[in-house]
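Asker: Protein sequence lines, in the order shown, are assigned to chains S and W. Per our numbering, the first sequence starts with residue 202, numbered consecutively. Per our numbering, the second sequence starts with residue 202, numbered consecutively. Ideal Cβ positions, reconstructed from N, Cα and C, are used throughout, including at glycine. Note that the structure is a prediction, hence the values are computed from the model and not measured.
There are 2 protein chains.
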Amino acid sequence: MKAEIISIGNELLIGQVVNTNASYIAEELSKSGIETTRITVISDNTEEIIKSLKEADRRANIIIITGGLGPTKDDITRESLCKFFNTKLVENSEVLKDISCFFKNKGLELTDINKRQALVPEKSKALFNKNGTSPGFWFEKNGKLFVSLPGVPFELKPMITEHLLPYLKKINNKHIIHQTILTHGIGESFLADKISDWEKALPPEIKLAYLPSPGIVRLRLSGIGSNYHILKKNIENNVIKLKEIIPEYIFGENKDTMQEVVGKLLKKNSATVSVAESCTGGMISNLLTGVPGASNYFHGSIIAYDNNIKTKLLNVDKELIEKHGAVSREIAESMALNIKKITLTNYGLATTGIAGPTGGSNDKPVGLVWVALATDEKIISKKFLFGNNRERNMIISSLAALNMLRLYLKTKL
Amino acid sequence: MKAEIISIGNELLIGQVVNTNASYIAEELSKSGIETTRITVISDNTEEIIKSLKEADRRANIIIITGGLGPTKDDITRESLCKFFNTKLVENSEVLKDISCFFKNKGLELTDINKRQALVPEKSKALFNKNGTSPGFWFEKNGKLFVSLPGVPFELKPMITEHLLPYLKKINNKHIIHQTILTHGIGESFLADKISDWEKALPPEIKLAYLPSPGIVRLRLSGIGSNYHILKKNIENNVIKLKEIIPEYIFGENKDTMQEVVGKLLKKNSATVSVAESCTGGMISNLLTGVPGASNYFHGSIIAYDNNIKTKLLNVDKELIEKHGAVSREIAESMALNIKKITLTNYGLATTGIAGPTGGSNDKPVGLVWVALATDEKIISKKFLFGNNRERNMIISSLAALNMLRLYLKTKL
């Protein structure tokens, strides 16, 4: 069972929009044991659409088409599908009712442009779109499935989970299992060196991939087999061995994020945290509060970008700043300790550094960052030297700070 | 002159990594007047790689290949390229020197696994990678160009700008111009209705696309022509007309972000801002400080997630919270006014709301958000009712708050 994804949209081919739909669909298919063998991005052009449908038809059993279903003139997928399947558009009263309800619920008037959205290819089944006005279309042809869905991610996602996945579960019985181990604090080639013996000993049905991103290298094991339980056990055993080799670098698995892992540890410890951020400018707080339920352990932060805020709100000693500079161990530790005291939390986390691209000196170059953690027992601080890229420096600093808290929380369980 | 991008990597086909490289390359090609006609994503599989190279060779003049050049076992692009171009790998002493320097500069030992990175296809020119150890490869064959680059975005980007773009500028003389107008505060179909007459009157060489994302609809005009100046004037004139129809919704153009636009306006006004965030949890601060030079106008924030922080640090009246609830006009206004007073800035911005997915009531449902702005003259506040998605609610609330400040700053110029 092979699937292909055809993403339609000029915006994808001029790089204005990143193709997150394709990765979402590929991931969901993969979880259902269906391999995506190709993703093709083409323009809003009838000829290109029909050519790509023909090519995919030759290679795959399931073809998912995204984009070009909107109400505006540049959207021509519907018409192109009619040509490919040799059918025509007809008004669908069910769809028209759905669209009318959608507008009524929002307290809005139904316009002519939106009424056109009820035109559906005659040979297709229309798929309900609960978050928008463009229905999807479901075609079956010579035992192959073609599904056309709107390109807005917010509309597409529930249509995948509610219409496509239940159907795929019924028809497929081959198993693909992916297990990803998340590491922080070590680069790709050093990691490869450390685990090379383990990697060489992997059985042929399990493949390993290294996936680096700022501050994180993910190790993905992918196995394929007909017996789900044997395959799962096989992967699990290899993960156990891996964890014994590099325990200090592993912070999570699969879809875990550093902020979720830290959040869970705080909950387990019944502990609370607050943050004093300088160079990370709110990113640590934003990461922590992005997790639903964060209010259980996150109390608040002070973003002390200006030195006056450091002294006035965070009570950092002005003379200490004059003596050591704002980017120093002393200030990071003072910020961590004071935010903990002010907000009455169990932990205080702090960052101060030079994010760049300018603002560095010989003594304190761009990329220099101090991270500190205040606990009931002690204050821990660590110096980092990252690169010249502001965005990367902010992300890696935020991860390093959260990781410092994670490592400490683990010793408390 | 047509280009195709071939992205190689199992991680892309199981949806673990989003293909940001392809959109980056497509955008850069587009700016150089070169149309990307197809993006193909395939697996780390020699047969697939060779098949895709053959297909692209038939359709396009420029083929950019990304991924699969790393030092680890799962990377097989180099070997596949050798098969396609009928050549072999040879050690390149220049590349070996570059790699040795790269490790030396980082104070690291050169390992055997990294030495292998100096093996280069004999028929290719090696391209220097200043941010990593995998060189790129440049092949020319029957007047067509093939460029193979590493998949790590941080390594790929400078290789595109330093090696590929200068070459493309020399060989191409057809012009594609894209101009994008950014709107906030109006949905796609309502926008389409408002500008339908203008859209109908667009000349055939200019195409319009609607690109919606949370809180923002981008309108992209794309023109193609042989005379750059005539084409540019033509697009500009249509943009002027558009701005007359919907001035209240337009906040920027092209790559502008709301936070950059607000930052520039603050600079122009020589004004400063601070933020009191509840439901947005640090996102507004993070957006503002993501802009280089933000320290010129952003002083700091208090993230008051817990009500105690609202009262203790932000001096919000406890009885006011008891009377109106933390999510209310009164609290939003008090937060905005107090953060302005405490940090001595010209503007205080505040949010309070229910981001979800839980925590709502009949009276105050998930998605209810109050945004307030305190200025020297008055306090402005506005109520919003967004949906059930936490991430979307946080993004749209942050944009709405920044937009409130933007609109006010514009009246002050």
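Which residue comes first and which comes last in the beta strand (DSSP E) that contains S:Pro367?
Answerer: Here residue 367 of chain S corresponds to residue number 166 of the first sequence, with the count starting at 1. First-last for S:Pro367: 366-372, but that is the alpha helix (DSSP H), not the beta strand (DSSP E).
Asker: Under a CB-based cut-off of 9 Å, is S:Gln257 close to chain W?
Answerer: Taking the first sequence and counting its residues from 1, one reaches residue 257 of chain S at position 56. One point to set straight first is that residue 257 of chain S is Ala, not Gln, in the sequence displayed. So no, S:Ala257 is outside the interface.
Asker: For W:Ile226, which option in W:Leu254, W:Ile265, W:Met202 has the closest C-alpha, if you only look at C-alpha atoms?
Answerer: As a first step, residue 226 of chain W is located in the second sequence; it is residue number 25 there, counting from the start. Checked all of W:Leu254, W:Ile265, W:Met202; the closest Cα to W:Ile226 is W:Ile265.
Asker: Would you give the residue range spanned by the alpha helix (DSSP H) that W:Ile534 belongs to?
Answerer: Looking up residue 534 of chain W in the second sequence gives position 333. The residue asked about is misnamed: residue 534 of chain W is Glu in this sequence, not Ile. Looking at the DSSP string, the run of the alpha helix (DSSP H) that includes W:Glu534 is 530-544.
Asker: For the beta strand (DSSP E) containing S:Tyr450, list its first residue and its last residue.
Answerer: Numbered from its first residue, the first sequence carries residue 450 of chain S at position 249. That residue, S:Tyr450, is in no beta strand (DSSP E); it is neither H nor E in DSSP.
Asker: Which residue wins for smallest C-alpha separation from S:Gly386, given the options S:Leu606, S:Lys611, S:Ala601?
Answerer: Within the first sequence, numbered from 1, the residue matching residue 386 of chain S stands at position 185. Of the listed residues, the one whose Cα sits closest to S:Gly386 is S:Ala601.
Asker: When the Cα atoms are used, what is the spatial distance from W:Gln620 to W:Thr612?
Answerer: It is not possible to answer for residue 620 of chain W, since the shown part of chain W is limited to 202 through 614.
Asker: Quick test of your reading: W:Asp245 and W:Ile209, contact by CB under 8 Å. State the CB separation rounded to the nearest angstrom.
Answerer: Here the question's residue 245 of chain W lines up with position 44 in the second sequence. Here the question's residue 209 of chain W lines up with position 8 in the second sequence. Confirmed, about 6 Å.
Asker: For W:Pro322, which of helix, strand or coil comes out of DSSP?
Answerer: Residue mapping note: residue 322 of chain W aligns to position 121 of the second sequence, counting from 1. Of the three classes helix, strand and coil, the one that applies to W:Pro322 here is strand, per DSSP.
Asker: Taking the Cβ atom as the reference point for each residue, do S:Ile182 and S:Leu422 lie within a distance shorter than 9 Å?
Answerer: Since the first residue shown for chain S is 202 and the last is 614, residue 182 of chain S is missing from the structure and cannot be characterised.
Asker: Does the pairing of the stretch 517-537 of chain W with the stretch 567-579 of chain W give three or more beta-carbon distances under 8 Å?
Answerer: yes
Asker: Mind reading off the beta-carbon distance from S:Asn487 to W:Gly482? Whole number of angstroms is fine, and I expect it under 8 Å.
Answerer: What you label residue 487 of chain S is simply residue 286 of the first sequence in a count that begins at 1. What you label residue 482 of chain W is simply residue 281 of the second sequence in a count that begins at 1. 6 Å between Cβ atoms; contact.
Asker: Between W:Glu400, W:Leu538, W:Ser502, which has its C-alpha nearest W:Thr576's C-alpha?
Answerer: Counted from its first residue, the second sequence places residue 576 of chain W at position 375. W:Thr576 has its Cα closest to that of W:Leu538, out of W:Glu400, W:Leu538, W:Ser502.
Asker: Report, in whole angstroms, the separation of the C-beta atoms of W:Thr334 and W:Ile300, which I expect to be a contact under 8 Å.
Answerer: Translated into the one-based positions of the second sequence, residue 334 of chain W becomes position 133. Translated into the one-based positions of the second sequence, residue 300 of chain W becomes position 99. At roughly 5 Å, the Cβ-Cβ gap stays under 8 Å, so W:Thr334 and W:Ile300 are in contact.
Asker: Show which residues of chain S have a CB atom less than 9 Å away from the CB atom of W:Leu409.
Answerer: Locating residue 409 of chain W in the second sequence gives position 208, where the first residue counts as 1. W:Leu409 reaches chain S at Thr273, Lys274, Asp275, counting residues in chain order whose Cβ is nearer than 9 Å.
Asker: Who are the neighbours of S:Glu389 on chain W, taking C-beta pairs under 8 Å?
Answerer: The sequence position of residue 389 of chain S within the first sequence is 188, counting from 1. Those are Gly271, Pro272, Thr273, listed as they occur along chain W.
Asker: Compute the distance between the beta-carbons of S:Ser535 and S:Leu514, then report whether it is under 9 Å.
Answerer: Stepping through the first sequence from its first residue, residue 535 of chain S is reached at position 334. Stepping through the first sequence from its first residue, residue 514 of chain S is reached at position 313. Contact: no.
Asker: Applying a beta-carbon distance threshold of less than 7 Å, which residues of chain W neighbour S:Ile243?
Answerer: Translated into positions along the first sequence, residue 243 of chain S becomes position 42. Within 7 Å Cβ-Cβ: Arg239.
Asker: Report the residues of the stretch 219-230 of chain S with a CB closer than 9 Å to any CB of chain W, ordered along the chain.
Answerer: Val219, Asn220, Thr221, Ala223, Ser224, Tyr225, Ile226, Ala227, Glu228, Glu229, Leu230
Asker: Ordered along the chain, which non-local residues of its own chain (more than five positions away) have a Cβ less than 6 Å from that of W:Lys583?
Answerer: Numbered from 1 along the second sequence, position 382 holds the residue referred to as residue 583 of chain W. Once the five neighbours on either side are set aside, the close Cβ partners of W:Lys583 are Val572.
Asker: Ignore the nearest five residues each way along the sequence and tell me which others in S:Asn497's own chain have a CB closer than 7 Å to its CB.
Answerer: Working through the first sequence from its first residue, we reach residue 497 of chain S at position 296. Same-chain partners within the cutoff: Lys468.
Asker: Starting from W:Glu295 and walking both ways along the alpha helix (DSSP H), at which residues does that stretch end?
Answerer: For the purposes of this step, residue 295 of chain W is identified with residue 94 of the second sequence, where counting begins at 1. Note, W:Glu295: alpha helix (DSSP H), 294-306.
Asker: Hey, does S:Ser423 have any beta-carbon neighbour from chain W nearer than 9 Å?
Answerer: Within the first sequence, residue 423 of chain S is the residue found at index 222, counting from 1. Yes, contact with chain W.
Asker: Can you grab the Cα-Cα spacing for the pair W:Glu256 / W:Met484, in whole Å?
Answerer: As a working mapping, residue 256 of chain W is identified with position 55 in the second sequence. As a working mapping, residue 484 of chain W is identified with position 283 in the second sequence. Going by the C-alpha atoms only, they are around 45 Å apart.
Asker: Taking S:Asn315 and S:Pro272 to be in contact with their CB atoms under 8 Å, please state how far apart those CB atoms are, rounded to whole angstroms.
Answerer: Within the first sequence, residue 315 of chain S is the residue found at index 114, counting from 1. Within the first sequence, residue 272 of chain S is the residue found at index 71, counting from 1. Yes, they are in contact, since the Cβ atoms of S:Asn315 and S:Pro272 sit about 6 Å apart, within 8 Å.
Asker: Give me the chain W residues within the contact set of S:Ser535, using Cβ-Cβ distance strictly less than 9 Å, ordered along the chain.
Answerer: The residue labelled residue 535 of chain S in the question sits at position 334 within the first sequence. Here the premise fails: no neighbours, minimum Cβ distance about 16 Å.
Asker: DSSP three-state label for S:Tyr225, please.
Answerer: Translated into the one-based positions of the first sequence, residue 225 of chain S becomes position 24. S:Tyr225: helix per DSSP, three-state reduction.
Asker: In terms of alpha-carbon separation, which member of W:Glu249, W:Thr238, W:Val242 lies closest to S:Glu248?
Answerer: Taking the first sequence and counting its residues from 1, one reaches residue 248 of chain S at position 47. Nearest of W:Glu249, W:Thr238, W:Val242 to S:Glu248, Cα basis: W:Thr238.
Asker: Measuring only the C-alpha atoms, how far is W:Phe347 from W:Phe286?
Answerer: Position 146 of the second sequence, counted from the first residue, corresponds to residue 347 of chain W. Position 85 of the second sequence, counted from the first residue, corresponds to residue 286 of chain W. Cα-Cα distance, rounded: 10 Å.
Asker: Can a CB atom of chain S be found closer than 9 Å to the CB of W:Asp299?
Answerer: The sequence position of residue 299 of chain W within the second sequence is 98, counting from 1. No, its Cβ sits nowhere closer than 9 Å to a Cβ of chain S.
Asker: Taking 8 Å as the threshold, find out whether the stretch 538-550 of chain W comes into contact with the stretch 584-594 of chain W through three or more Cβ pairs.
Answerer: no
Asker: To the nearest angstrom, how far is the alpha carbon of W:Val291 from that of W:Pro322?
Answerer: Translated into positions along the second sequence, residue 291 of chain W becomes position 90. Translated into positions along the second sequence, residue 322 of chain W becomes position 121. Taking the straight line from one Cα to the other gives about 6 Å.
Asker: Contact check, S:Leu610 vs S:Leu466 under 8 Å by CB: the rounded distance?
Answerer: In the first sequence, counting from the first residue as 1, residue 610 of chain S sits at position 409. In the first sequence, counting from the first residue as 1, residue 466 of chain S sits at position 265. About 4 Å separates the two Cβ atoms, so the contact holds.
Asker: Of the residues that make up the stretch 493-508 of chain S, which ones have a beta carbon closer than 9 Å to any beta carbon in chain W?
Answerer: Against chain W - using a Cβ distance shorter than 9 Å - the residues of the stretch 493-508 of chain S are Pro493, Gly494, Ala495, Ser496, Phe499, His500, Gly501, Ser502, Ile503, Ile504, Ala505, Tyr506, Asp507.
Asker: Rounded to a whole number of angstroms, what is the C-alpha to C-alpha distance between W:Ile277 and S:Met459?
Answerer: The sequence position of residue 277 of chain W within the second sequence is 76, counting from 1. The sequence position of residue 459 of chain S within the first sequence is 258, counting from 1. Cα to Cα, W:Ile277 sits roughly 31 Å from S:Met459.
Asker: If distances are taken between C-alpha atoms only, which option among W:Ser349, W:Thr553, W:Gly388 comes closest to W:Ile616?
Answerer: Any question about residue 616 of chain W goes unanswered here, given that chain W covers just 202 to 614.
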